[in-house]
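Asks:
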Ligand SMILES: NC(=O)c1ccc[n+]([C@@H]2O[C@H](COP(=O)([O-])OP(=O)(O)OC[C@H]3O[C@@H](n4cnc5c(N)ncnc54)[C@H](O)[C@@H]3O)[C@@H](O)[C@H]2O)c1
């Protein structure tokens, strides 16, 4: 997708943080926006912000874990904005900051229900509208740098597993939709200023357990696997990065090029294990 002017984008989790940053970036390119969020008030605040800047946006109240709500959202967007060219499946949660032995099954269920199945359900709901606009159609799923590398020093194991799943799903989706002229990218942000810990707690539905006081902090960093740099990028900077990546149909959308070293260490480990396997042959 090269041209953004006059086209339509949906951003889930668009009411806060990275979703808001993406939405503002797309609005600045002349796109009409559907800000879809489980938090209606925050979605409406971003709608107002875009309108103040001369853009066009609507708020859509939706929980990405609920297929019926997503189907209704797709109908609403089609009725009000006429279709969808760009889907940003961005809503996500960080349910637990603690070692895996302290993750409850409810932590896992909450994490996977939003970060994996929420993305899948969002894509399923909007795919017919995207197909109607192909080849002017693109999907951006928000994973994380934590979908490319496990951050041993930062204990968010369920989150990391969910983001690896999001990357794998997005890579498969890209291969499957390419023949239809629909692009797929997966956004892998490093640390970006947002409300993730707060919204993951306030949005947590009954039945998924409760968030304990998050254990922020870095445990056991090592020279081999250092903790990620904790300097948060302003969310507004993510929008132009996504615009550029969609234009060029990049697969992985990297926000923090300085994170290359930690990802390369993972590749080096995989290569070393291949060397080991080859050395034990014959
Ligand atoms: N902030 C970071 O450093 C960072 C880094 C890598 C990846 N991410 C990912 O970026 C995405 C956005 O997170 P953020 O950091 O901007 O956090 P945020 O809390 O500021 O924004 C998340 C938004 O998603 C909404 N949301 C949560 N559950 C929802 C649901 N079930 N249905 C609909 N909306 C829902 C929230 O209400 C909120 O508005 C997430 O997928 C997150 O995992 C964030």
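Residue numbers (our numbering): 2 to 283. Glycine included, every Cβ here is placed at the ideal spot set by N, Cα and C.
(1) Could you check what DSSP says for residue 149 in three-state terms: helix, strand or coil?
(2) Measure the Cβ-Cβ separation of residue 18 and residue 40 and say whether it is below 7 Å.
(3) Note down the Cα distance separating residue 118 from residue 66, rounded to an integer number of angstroms.
(4) Kindly examine ligand 1 and report whether one of its heavy atoms sits closer than 6 Å to the Cβ of residue 14.
(5) Please state if the CB of residue 24 and the CB of residue 9 are separated by a distance shorter than 7 Å.
(6) Check the DSSP bridge columns for residue 142 and list the partner residues they point to.
(7) Pairs of beta-carbons, one from the segment 79 to 94 and one from the segment 122 to 139, closer than 8 Å: are there three or more?
(8) Taking the alpha helix (DSSP H) that residue 247 belongs to, which residues open and close that run?
(9) When the distance is taken between beta carbons, is residue 239 closer than 7 Å to residue 186?
(10) How is residue 256 classed by DSSP in three states: helix, strand or coil?
(11) So what does DSSP say about residue 13, is it helix, strand or coil?
(12) Hey, out of 174, 149 and 153, whose CA is closest to residue 1's CA?
(13) Find out if the Cβ-Cβ distance for the pair residue 247, residue 32 is shorter than 7 Å.
Replies: In short:
(1) coil
(2) no
(3) 7 Å
(4) yes
(5) no
(6) 90 and 187
(7) yes
(8) 239 to 248
(9) no
(10) coil
(11) strand
(12) No answer is possible for residue 1: it lies beyond the span of the chain, which begins at 2 and ends at 283.
(13) no
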